[in-house]
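Colleague: Here it is, the structure, as structure tokens.
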Amino acid sequence: MDSVTEHRSKSLAADTGTQEETDRWLEIFSIFIHDLESPFASVKYLMREIESGDFDLDKQIHKRLLRSSLVALERAETILYDIMAVVKAGKVGIPVEISNLVPSAVIEEAIELAAGSVEEHGLKVTFTNNAGDIPVQADPKLLKRILDNLVYNAIRHTPSGGTIAVYTEPGDKCVFIHVKDSGPGLGDIDTDELFEKYGQLKVRSEGKHRGVGLGLYFCRLAMTGMGGTILADDHPKGGAVFSVRLLKAKE
């Protein structure tokens with residue numbers, strides 16, 4: 325079996341250029357596929373509610389689940405279009421289109437997208453906009469996907485009945501967006517490894533469950549492309565907090 329896999333890998337490398345280029349393509353596609361997990365989670369929860377026979381559009385929560393599922397499908401569609409954009413570009417990389425925007429609307433959409441998963445896990449999400457309407461430099465599509473990843477990551481590490489707090493903070497030349505969970509925190513996890521390629525797999529191999537896949541690695545790539553940074557730390561009041569730093573828009 326290994327020889328067959330090796331043969332196919334070599335054949336693919338011959339068709340696309342080099343083995344390194346092939347690996348990069350696989351890396352990018354893995355990131356896109358990982359991003360589909362969050363949108364599909366909301367839709368699957370809605371489908372289960374309908375299947376159970378308890379779905380009722382007269383209930384406010386069910387109306388919200390329907391709206392969040394529609395948003396989720398739109399996000400999944402966007403991710404697929406992003407894959408096509410990368411292929412059509414003829415190069416391996418994540419397209420970045422910087423514009424000036426107020427991040428609050430993007431944050432609210434990311435929270436709405438996660439509504440199904442939040443409800444399913446018995447959680448609560450709050451949003452506090454301490455930065456007001458300060459515009460930042462960002463790619464709205466990439467920022468949305470970054471927040472999708474961070475909110476979904478917080479959902480997976482917050483126990484039932486817990487709260488996820490999303491809040492902005494103005495800085496001197498930047499605006500911070502924080503996503504704080506109420507889980508066990510990071511403990512002795514090397515935060516640098518969380519953002520490395522497959523770094524979370526190493527974390528899990530050491531028995532420290534802090535997610536899997538390429539989600540946080542994608543976040544770092546996207547933030548770097550937008551000229552920003554992403555950090556993770558334990559919060560003084562408990563839980564973990566992931567923070568993105570975006571440059572303020574140029575006047």
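According to this note's numbering, the residues represented by the sequence shown are 325 to 575, in order. Here a beta-carbon is modelled for each residue, glycine too, at the ideal position from N, C-alpha and C. Since the model is a prediction, treat every value here as computed from it, not as a measurement.
With H, G and I counted as helix, E and B as strand and the rest as coil, what does DSSP make of residue 481?
Modeller: For this step, residue 481 is matched to residue 157 along the sequence shown. Coil.
Colleague: Just checking, does the segment 418-427 make contact with the segment 542-553 on the three C-beta pairs under 8 Å criterion?
Modeller: In short, these stretches touch, since the Cβ pair count reaches three.
Colleague: For residue 465, count neighbouring Cβ atoms within 10 angstroms of its own Cβ and tell me buried if that reaches 16, exposed if not.
Modeller: As a position in the sequence shown, residue 465 is number 141, starting the count at 1. By the neighbour-count rule (16 or more Cβ atoms within 10 Å), residue 465 is buried.
Colleague: Under the rule that 16 or more other beta-carbon atoms within 10 Å means buried, what is residue 494, buried or exposed?
Modeller: As a working mapping, residue 494 is identified with position 170 in the sequence shown. Classification for residue 494: exposed.
Colleague: So, does the segment 470-490 touch the segment 441-459, judging by three or more C-beta pairs under 8 Å?
Modeller: yes
Colleague: Measuring straight from C-alpha to C-alpha, what distance separates residue 396 and residue 504?
Modeller: Counting from one through the sequence shown, the residue named residue 396 turns up at place 72. Counting from one through the sequence shown, the residue named residue 504 turns up at place 180. Using only the alpha carbons, I get a separation of about 22 Å.
Colleague: Should residue 564 go down as buried or exposed, given a rule of 16 or more other Cβ atoms within 10 Å for buried?
Modeller: As a first step, residue 564 must be located in the sequence shown, where it is residue number 240. Counting C-beta atoms within 10 angstroms of its own C-beta, residue 564 has 16 or more neighbours from the protein chains shown and is therefore classed as buried.
Colleague: Roughly how many whole angstroms lie between the Cα atoms of residue 457 and residue 574?
Modeller: The count along the sequence shown starts at 1 and reaches residue 457 at position 133. The count along the sequence shown starts at 1 and reaches residue 574 at position 250. Their backbone Cα atoms lie some 14 Å apart in a straight line.
Colleague: Within 10 angstroms of the Cβ of residue 501, are there 16 or more other Cβ atoms? Answer buried if so, exposed if not.
Modeller: Along the sequence shown, one-based indexing puts residue 501 at 177. Buried, since its Cβ has 16 or more Cβ neighbours within 10 Å.
Colleague: Throw me the rounded Cβ distance for the residue 472 and residue 362 pair, which I believe falls under 8 Å.
Modeller: Mapped onto the sequence shown, residue 472 falls at position 148. Mapped onto the sequence shown, residue 362 falls at position 38. Sure, about 5 Å apart at Cβ, within 8 Å.
Colleague: So the alpha helix (DSSP H) residue 368 belongs to, where does it begin and stop?
Modeller: Residue 368 sits at position 44 when you count from the first residue of the sequence shown. Residues 361-376.
Colleague: Rounded to whole angstroms, how far is the Cβ of residue 519 from the Cβ of residue 544, which I believe are closer than 8 Å?
Modeller: Within the sequence shown, numbered from 1, the residue matching residue 519 stands at position 195. Within the sequence shown, numbered from 1, the residue matching residue 544 stands at position 220. Correct: roughly 4 Å between the Cβ atoms.
Colleague: So who's on the other strand from residue 473, going by DSSP bridges?
Modeller: Taking the first residue of the sequence shown as 1, we reach residue 473 at position 149. According to DSSP, residue 473 bridges with nothing at all.
Colleague: With C-beta atoms as the reference, is residue 427 less than 8 Å away from residue 499?
Modeller: Residue numbering aside, residue 427 sits at position 103 when the sequence shown is read from its first letter. Residue numbering aside, residue 499 sits at position 175 when the sequence shown is read from its first letter. Closer than 8 Å, so yes.
Colleague: Got a sec, what are the start and stop residues for the beta strand (DSSP E) residue 573 sits in?
Modeller: On the sequence shown, residue 573 is found 249 positions in, with the first residue counted as 1. No beta strand (DSSP E) holds residue 573; DSSP gives it neither H nor E.
Colleague: Is residue 597 helix, strand or coil by DSSP?
Modeller: What is shown of the chain runs 325 to 575, which leaves residue 597 out entirely.
Colleague: Starting from the C-beta of residue 515, find all residues in its chain whose C-beta is less than 6 Å away, skip the five residues before and the five after it, and write them out in chain order.
Modeller: Within the sequence shown, numbered from 1, the residue matching residue 515 stands at position 191. Once the five neighbours on either side are set aside, the close Cβ partners of residue 515 are 556.
Colleague: Buried or exposed for residue 561, please, with buried defined as at least 16 other CB atoms from any protein chain shown within 10 angstroms of its CB.
Modeller: On the sequence shown, residue 561 is found 237 positions in, with the first residue counted as 1. Per the 10 Å Cβ criterion, exposed.
Colleague: Between the beta-carbon of residue 430 and the beta-carbon of residue 467, is there less than 8 Å?
Modeller: On the sequence shown, position 106 is the one that residue 430 refers to. On the sequence shown, position 143 is the one that residue 467 refers to. For residue 430 and residue 467, yes; Cβs fall inside 8 Å.
Colleague: Which word fits residue 335, buried or exposed, when buried means at least 16 other C-beta atoms lie within 10 angstroms of its C-beta?
Modeller: For this step, residue 335 is matched to residue 11 along the sequence shown. Any reading at residue 335 must be qualified, since the residue scores a pLDDT of 47, below 50, and its modelled position is unreliable; the value itself is stated next. It is exposed - the Cβ of residue 335 has fewer than 16 other Cβ atoms within 10 Å.
Colleague: Using 8 Å as the threshold, is the C-beta distance between residue 425 and residue 462 below it?
Modeller: The residue you call residue 425 lines up with position 101 of the sequence shown. The residue you call residue 462 lines up with position 138 of the sequence shown. A contact, by the Cβ cut-off of 8 Å.
Colleague: Quick one: what's got a C-beta closer than 6 Å to residue 367's C-beta in the same chain, skipping five residues either side?
Modeller: Looking up residue 367 in the sequence shown gives position 43. Within the same chain, residue 367 has close Cβ partners 393 and 396.
Colleague: In the DSSP output, which residue or residues are listed as bridge partners for residue 453?
Modeller: For the purposes of this step, residue 453 is taken as residue 129 along the sequence shown, with counting starting at 1. Answer by DSSP bridge pairing, in chain order: 492.
Colleague: How many Å lie between residue 539 and residue 384 at the Cα?
Modeller: Counted from its first residue, the sequence shown places residue 539 at position 215. Counted from its first residue, the sequence shown places residue 384 at position 60. Roughly 31 Å separates the two Cα atoms.
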